[in-house]
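Report on the structure given below.
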Amino acid sequence: MRRRSRTRVAALTAAGALAAAGLIQYAPDVVALAQAKHHTGPNPPDDWSKKGTYLSASQANPSVVEVLGSDGSPYCSGAVVHSPGADIVITAAHCVYGDGSYASSLTVAPGRTGGNSPHGTWQVDKIWVDPRYTKDNDERYDYAFMRVSRSGGPEIEDAVGGNTLEVNQPYHLRGITTIGYPDSNNPGDAQISCGLETFQSGAHDQYREMRCGGYSAGVSGGPWLELKPRARTGALIGIIGGYNGGGPADDDPHVDDISYSPYFTDDTQALLNQAINDDGGQTEN
């Protein structure tokens, strides 16, 4: 599933580590995140019939990327984030950091379907992860920003569009689209998409929760987007990740039906600002 053990981070980190370019600066904890929240909103419906829809190449959202390892194999998902430099992608922190080191030689492929990359690929040049994740494995900060580039080509946002980060939004939202790349039961290595409501998780109340079937390993880092009709980019309110890498334990009967997202706060915006300003981060050797 979304879990760290199922997204092959250990294999990627074995390929090599990224060197530290500087200490990451970060804002103090937001009180609302540091303390347990009271669960006062509605609960997710006890209905397990909703399933995600696989998208054809023509339907694939171009701002949603497949993260590829050093050998070119897919293993995680992500999305382009709007920035002045038009070169930032978000994914889950557990997709790029594990066992004390960073994955190396990563690339991202927007809108990839069936092994084809219609928009091309971009190399990951630098990665920003909150030190509370790297030092303490605090899954509330299970998100990472990556700066990407392509020799002789446009910036990634100029090519496929970017989604605007939104922080401190309500847990309960309607009309959210969740997209990612499952690596099991996936016909043609396609994006899976589901439109749904999000909720504050009753079991793990510092995370958002959604319920839609088909979200197996590989969807980690996939965006939760508020899209207007017929829009291909929108407000980014979460990603698949957080508690237990973004889902229940592997022996849970609904392991493919429940996904979590870390709750985006001012700390999330601060980390994005560091990526925009090229402040700290981890650079490839």
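Okay, so the sequence shown: first residue is 189 according to this note's numbering, each after it adds one.
Using N, Cα and C, we set each Cβ at its ideal position, and we do this for glycine too.
Since we're looking at a predicted model, the values are computed, not measured.
In this structure, Leu384 lies away from Ile425, with their beta-carbon atoms at least 8 Å apart. Cβ-Cβ distances below 7 Å link Val355 to Phe452, Thr453, Asp454, Thr456 and Gln457 in the same chain, with the five nearest sequence neighbours on each side left out; the list follows chain order. Using a 10 angstroms sphere on the CB of Lys314, the tally of other CB atoms reaches 16 or more, which defines it as buried.
Leu353 has Leu424 as its beta-bridge partners, per DSSP. At least 8 Å separates the beta-carbon of Thr421 from that of Gly340.
Between the beta-carbon of Ala297 and that of Thr309 there is about 5 Å, and that keeps the pair under the 8 Å contact cut. Judged by beta-carbon spacing, Gly430 lies within the 8 Å limit of Arg328, meaning their Cβ atoms are closer than that value.
Fewer than three pairs of CB atoms, one per stretch, sit closer than 8 Å, so the stretch 267-287 makes no contact with the stretch 391-401. In the displayed model, Cys382 falls within a strand according to three-state DSSP.
Shown here, Cys400 sits in coil according to DSSP, grouped into three states, outside any helix or strand. Residue environment analysis places Asp439 among the exposed positions, since fewer than 16 neighbouring C-beta atoms fall within 10 angstroms of its C-beta. Ser271 and Val312 have their C-alpha atoms spaced approximately 16 Å apart. Runs of the beta strand (DSSP E) spanning 3 or more residues and lying entirely within the stretch 262-309 occur at 262-269, 276-279 and 295-298, in chain order.
Scanning its chain for C-beta atoms nearer than 7 Å, with the 5 sequence neighbours on each side dropped, one finds around Ser251 the residues Ala267, Val268, Pro298, Val348, Gly349, Gly350, Asn351, Arg420 and Thr421, in chain order. When Arg335, Tyr403 and Ile464 are compared, the shortest CA-CA separation from His442 is found for Tyr403.
Burial check for Arg418: the Cβ neighbour count within 10 Å stays below 16, so the residue is exposed.
Nearest Cα to Ser293 within the set Thr301, Asp234 and Val284: Val284.
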